[in-house]
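Peer 1: Pasting a structure here, questions to come.
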Amino acid sequence: MRLSQYFSKIKKDAPKDETSRNAQLLIQAGYVHKEMAGVYSLLPLGLKVSENIKSVIRKHMEKLGGQEIHMSSLQNPEIWKTTDRWDDEKVDNWFKTKLKNDTELGLGMTHEEPIVAMLTQHINSYADLPIYPYQFQYKFRNELRSKSGMMRGREFEMKDMYSFSRTEEEHKKFFEKAKDAYMAIFKELGLADYVLVTHASGGIFAKYSVEFQALSEAGEDIIYVDEEKNEAINKEIFSDEECAQFGIDKAKVIEKKSIEVGNIFNLGTRFPDTLDLAYTDEKNQKQSIWMGSYGIGVGRQIGAIAELYSDEAGLIWPKEIAPHQIIVVGLQDDKEVQEEAEKVYVALQKNGVDVLLYDKKGQAGEKLSTADMLGIPTQVIVSKRGLLEGKFEIKNRKTKQVTYKTFFDIVEGDLKD
RNA sequence: CGGGGCGUGGUGUAACGGCUAACAUGCUCGCUUUGGGAGCGAGUGACUCCGGGUUCGAAUCCCGGCGCCCCGACCA
6 MRLSQYFSKI KKDAPKDETS RNAQLLIQAG YVHKEMAGVY SLLPLGLKVS ENIKSVIRKH
66 MEKLGGQEIH MSSLQNPEIW KTTDRWDDEK VDNWFKTKLK NDTELGLGMT HEEPIVAMLT
126 QHINSYADLP IYPYQFQYKF RNELRSKSGM MRGREFEMKD MYSFSRTEEE HKKFFEKAKD
186 AYMAIFKELG LADYVLVTHA SGGIFAKYSV EFQALSEAGE DIIYVDEEKN EAINKEIFSD
246 EECAQFGIDK AKVIEKKSIE VGNIFNLGTR FPDTLDLAYT DEKNQKQSIW MGSYGIGVGR
306 QIGAIAELYS DEAGLIWPKE IAPHQIIVVG LQDDKEVQEE AEKVYVALQK NGVDVLLYDK
366 KGQAGEKLST ADMLGIPTQV IVSKRGLLEG KFEIKNRKTK QVTYKTFFDI VEGDLKD
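Taking our numbering, the leading residue of the first sequence gets 6, the next gets one more, and so forth.
This is the structure:
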């Protein structure tokens, strides 16, 4: 890809109507566009990052035995009334709308009810279970106050998986596997050093849930970290009794701020029971189904990673999710340098590398700072100075380390750090 | 939803109640320049968030709305 072909612009200044670092960086570097408070559109670069994150998540969901589906955003209130989650007194962040004939509809804020209702048409026998459908879907939540840039939006894409198991034991086993899969996802997203399994409230679903909290000063949650156990407990349930229950040493915990990057719930049999989803066992007996839900917000990962991986010069994407792996910068506008940059670009592309060519005219300084701002992991800088020695400068965006390679080295794919 | 702050060219800012709303940046054209957003010249670009009021006169003062940010509450 050529930078000149992206319509999005990298701005010299950060927007002033955002103070959260993630939104400032992502807007300034042209990854996202802010539509209104808590609502962001993805520009080409932002979409690439988002799709890369989704690929990682999807891979692990498939490994877990997931089946991808895509449910509707418009939701039928009748189903939600059955479980008593329609009333604004009970659930205060619905976006509700109406048909022309005044029939009320909801814009999905989550999908437990509709998926259970849908499955009554497909699940009958013990042989039909267990199943693990999941989707990437936009959720709409009428937050009283959106904040922290991309991290708490009113409209956001989420991967939600739902598990349906025959017994509590089967459910628990899967729940543990899902927990591991989540940790594997965070590891692959570059968040391994920050994310902790955290015991938290289960909201209206259950007494407890498991959250995945990424340590960050930009976070909205307070957790107490047991460093020996490498787990944490959310402030909302921090007590002697609960620490004991989860084997956390209350005397040794450290208070930290964190971003909730994932949350999984054991829902028990409540939703299937209420919505008449059940199965018939080998003895022809009707049995309750055990359900779990497993959420991870895509936009929130982008925001969290932008917070955690950035410096004074801009973004620094982990390789796994970077929009491009390498950016080739022809430092001077003169013909020789530009032609050489073009050659490197073409050669790298031939090698199957996802490379971005900085082909816009400008000052050397502007090019360097723009390349930094974008956060592409590796920069190949082609300059007059380098050409005199027949070498190109390879800069690691994260470590800022510079090495020099020949054209031959680059073509041979020798760009390891 | 309670509290606080703020709305002026695309972006960042300035302007005592008083000239044609200023400066920087961006963008366009020309020349020059090229290792951290350089320089010169010529252009372009704003119903000063919306509505009302006070006044001879409002970006500026007052009232109401809307929007954005922050703190708190909330967070399935």
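Positions of the beta carbon are idealized from the N, C-alpha and C atoms, including for glycine.
Please go through the same chain and pick out, in chain order, the residues whose beta-carbon is closer than 7 Å to the beta-carbon of Ser263, but skip the five residues on each side of it.
Peer 2: Sequence index remark: in the first sequence, residue 263 carries index 258 (1-based). Excluding positions up to five away in sequence, the list reads Gln218, Ala219, Leu220, Ser221, Gly224, Asp226 and Ile228.
Peer 1: Would you mind reading off the limits of the alpha helix (DSSP H) that contains Ala170?
Peer 2: Position 165 of the first sequence holds residue 170. Note that residue 170 corresponds to Ser in the displayed sequence, not to Ala. Bounds of any alpha helix (DSSP H) do not take in Ser170; it lies within the beta strand (DSSP E) bounded by Glu160 to Ser170.
Peer 1: Arg26 to Gly195, Cα distance in whole Å?
Peer 2: Stepping through the first sequence from its first residue, residue 26 is reached at position 21. Stepping through the first sequence from its first residue, residue 195 is reached at position 190. Whole-angstrom Cα-Cα distance: 18 Å.
Peer 1: By alpha-carbon positions, which one of Ile307, Ile415 and Lys396 ends up nearest to Gly380?
Peer 2: For the purposes of this step, residue 380 is taken as the residue at position 375 of the first sequence. Comparing Cα-Cα distances from Gly380 to each of Ile307, Ile415 and Lys396, the minimum goes to Ile307.
Peer 1: Identify whether Gln406 lies in helix, strand or coil by the three-state DSSP scheme.
Peer 2: Here residue 406 refers to the residue found at position 401 of the first sequence. DSSP places Gln406 in coil when its eight states are reduced to three.
Peer 1: Let me check understanding here. Comparing Cα to Cα, which of Ser78, Leu31 and Val351 lies closest to Val334?
Peer 2: Here residue 334 refers to the residue found at position 329 when the first sequence is read from its first residue. The residue with the shortest Cα to Cα distance from Val334 is Val351.
Peer 1: Determine the direct distance from the alpha carbon of His75 to that of Tyr131, and round the result to whole angstroms.
Peer 2: Indexing the first sequence from 1 puts residue 131 at position 126. Indexing the first sequence from 1 puts residue 75 at position 70. Those two C-alpha atoms are separated by around 24 Å.
Peer 1: Do the CB positions of Tyr284 and Leu134 come within less than 8 Å of each other?
Peer 2: For the purposes of this step, residue 284 is taken as the residue at position 279 of the first sequence. For the purposes of this step, residue 134 is taken as the residue at position 129 of the first sequence. Contact: yes.
Peer 1: Which of the three DSSP states is assigned to Ile427 in this structure?
Peer 2: Because the chain spans 6 through 422 in this model, residue 427 falls outside it and cannot be assessed.
Peer 1: If you draw a straight line from the C-alpha of Ser151 to the C-alpha of Tyr187, how long is it?
Peer 2: Position 146 of the first sequence, counting from 1, holds the residue named residue 151. Position 182 of the first sequence, counting from 1, holds the residue named residue 187. Whole-angstrom Cα-Cα distance: 26 Å.
Peer 1: What are the boundary residues of the beta strand (DSSP E) that includes Thr383?
Peer 2: Walking along the first sequence from the start, residue 383 turns up at place 378. Thr383 to Val387 is the extent of the beta strand (DSSP E) around Thr383.
Peer 1: What are the boundary residues of the alpha helix (DSSP H) that Asp226 is part of?
Peer 2: Sequence index remark: in the first sequence, residue 226 carries index 221 (1-based). Here Asp226 belongs to no alpha helix (DSSP H); instead the beta strand (DSSP E) covers Asp226 to Asp231.
Peer 1: Output needed for Phe270: all residues of its chain with C-beta closer than 7 Å, excluding positions within five of it in sequence on either side, in chain order.
Peer 2: Position 265 of the first sequence, counted from the first residue, corresponds to residue 270. So the list reads Gly207, Phe210, Ala211, Ser214, Gly297 and Ser298, once near-sequence residues are dropped.
Peer 1: Check for me: the beta strand (DSSP E) holding Ser214 runs from which residue to which?
Peer 2: Counting from one through the first sequence, the residue named residue 214 turns up at place 209. Taken as a continuous stretch (DSSP letters only), the beta strand (DSSP E) holding Ser214 covers Ala211 to Leu220.
Peer 1: According to DSSP, which residues form a beta bridge with Val333?
Peer 2: Within the first sequence, residue 333 is the residue found at index 328, counting from 1. Val333 is bridged to Leu362 and Val385.
Peer 1: Looking at the structure shown, is Leu392 part of a helix, part of a strand, or coil, going by DSSP?
Peer 2: Numbered from 1 along the first sequence, position 387 holds the residue referred to as residue 392. Of the three classes helix, strand and coil, the one that applies to Leu392 here is helix, per DSSP.
Peer 1: May I ask you to report which of helix, strand or coil DSSP gives Pro138?
Peer 2: Residue 138 sits at position 133 when you count from the first residue of the first sequence. Strand at Pro138.
Peer 1: Helix, strand or coil for Asn131, going by three-state DSSP, please let me know.
Peer 2: Numbered from 1 along the first sequence, position 126 holds the residue referred to as residue 131. The residue you asked about is not Asn; residue 131 is Tyr in the sequence shown. Looking at Tyr131 - three-state DSSP - the assignment turns out to be helix.
Peer 1: For Gly273, name the three-state secondary structure that DSSP assigns.
Peer 2: Here residue 273 refers to the residue found at position 268 when the first sequence is read from its first residue. Residue state, collapsed to three classes: strand.
Peer 1: Going by beta-carbon coordinates alone, are Glu216 and Asn235 separated by less than 8 Å?
Peer 2: Here residue 216 refers to the residue found at position 211 of the first sequence. Here residue 235 refers to the residue found at position 230 of the first sequence. In this structure, Glu216 sits away from Asn235, with a CB-CB distance that is not shorter than 8 Å.
Peer 1: Figure out for me which residue from Arg63, Lys39, His127 and Glu371 has the closest Cα to the Cα of Ala189.
Peer 2: In the first sequence, counting from the first residue as 1, residue 189 sits at position 184. Among Arg63, Lys39, His127 and Glu371, the Cα nearest to that of Ala189 belongs to Arg63.
Peer 1: Specify the secondary structure class of Arg150 as computed by DSSP and reduced to three states.
Peer 2: For the purposes of this step, residue 150 is taken as residue 145 along the first sequence, with counting starting at 1. If DSSP states are grouped into helix, strand and coil, Arg150 belongs with coil.
Peer 1: Which of the three DSSP states is assigned to Val351 in this structure?
Peer 2: Numbered from its first residue, the first sequence carries residue 351 at position 346. Of the three classes helix, strand and coil, the one that applies to Val351 here is helix, per DSSP.
Peer 1: How long is the line joining the alpha carbons of Val5 and Arg90, rounded to whole angstroms?
Peer 2: There is no way to answer for residue 5, as the model of the chain reaches only from 6 to 422.
Peer 1: Skipping 5 residues on each side, what residues in its chain have a beta carbon closer than 6 Å to that of Asp422?
Peer 2: Looking up residue 422 in the first sequence gives position 417. Note on Asp422: pLDDT 48, under 50, position unreliable in the model; the coordinate value appears next. Asn401, listed in sequence order.
Peer 1: Please state the DSSP three-state secondary structure of Trp85.
Peer 2: Here residue 85 refers to the residue found at position 80 of the first sequence. Of the three classes helix, strand and coil, the one that applies to Trp85 here is helix, per DSSP.
Peer 1: Hey, would you say Lys403 sits closer than 8 Å to Pro382, going by beta carbons?
Peer 2: Counting from 1 along the first sequence, the entry for residue 403 is found at position 398. Counting from 1 along the first sequence, the entry for residue 382 is found at position 377. Result yes, Cβ atoms of Lys403 and Pro382 sit closer than 8 Å.
Peer 1: Just to confirm, is the Cβ distance from Lys184 to Val202 under 8 Å?
Peer 2: Working through the first sequence from its first residue, we reach residue 184 at position 179. Working through the first sequence from its first residue, we reach residue 202 at position 197. Yes.
Peer 1: Spell out the partners DSSP gives Gly207 in its beta bridges.
Peer 2: As a first step, residue 207 is located in the first sequence; it is residue number 202 there, counting from the start. Note: Gly207 sits in a beta bridge opposite Ala211.
Peer 1: Closest to Leu34 by CA distance: which of Leu336, Glu398, Trp322 and Asp359 is it?
Peer 2: In the first sequence, residue 34 corresponds to position 29, counting from 1. Per the sequence shown, residue 34 should be read as Ala rather than Leu. Ranking Leu336, Glu398, Trp322 and Asp359 by Cα distance to Ala34 puts Trp322 first.
Peer 1: Say whether the segment 14–29 touches the segment 153–164, bearing in mind that this needs 3 or more beta-carbon pairs closer than 8 Å, one atom from each stretch.
Peer 2: yes
Peer 1: Buried or exposed: Ile259, going by 16 or more other Cβ atoms within 10 Å of its Cβ?
Peer 2: The residue you call residue 259 lines up with position 254 of the first sequence. By the 10 Å Cβ count, Ile259 comes out exposed.
Peer 1: So Gln292 is in the beta strand (DSSP E); what residue range does that whole segment cover?
Peer 2: Locating residue 292 in the first sequence gives position 287, where the first residue counts as 1. Its beta strand (DSSP E) spans residues Lys291 to Ser293.
Peer 1: Applying the 10 Å Cβ sphere with the 16-neighbour rule, what's the burial state of Asp338?
Peer 2: Here the question's residue 338 lines up with position 333 in the first sequence. Under this definition Asp338 is an exposed residue.
Peer 1: Please go through the same chain and pick out, in chain order, the residues whose beta-carbon is closer than 8 Å to the beta-carbon of Ser293, but skip the five residues on each side of it.
Peer 2: As a working note, residue 293 is residue 288 in the first sequence. Cβ within range, chain order: Thr274, Pro277, Asp278 and Ala283.
Peer 1: Using CA atoms only, rank isn't needed, just tell me which of Glu83, Thr88, Gln126 and Glu94 is closest to Thr108.
Peer 2: Within the first sequence, the letter at position 103 stands for residue 108. Nearest C-alpha to Thr108: Glu83.
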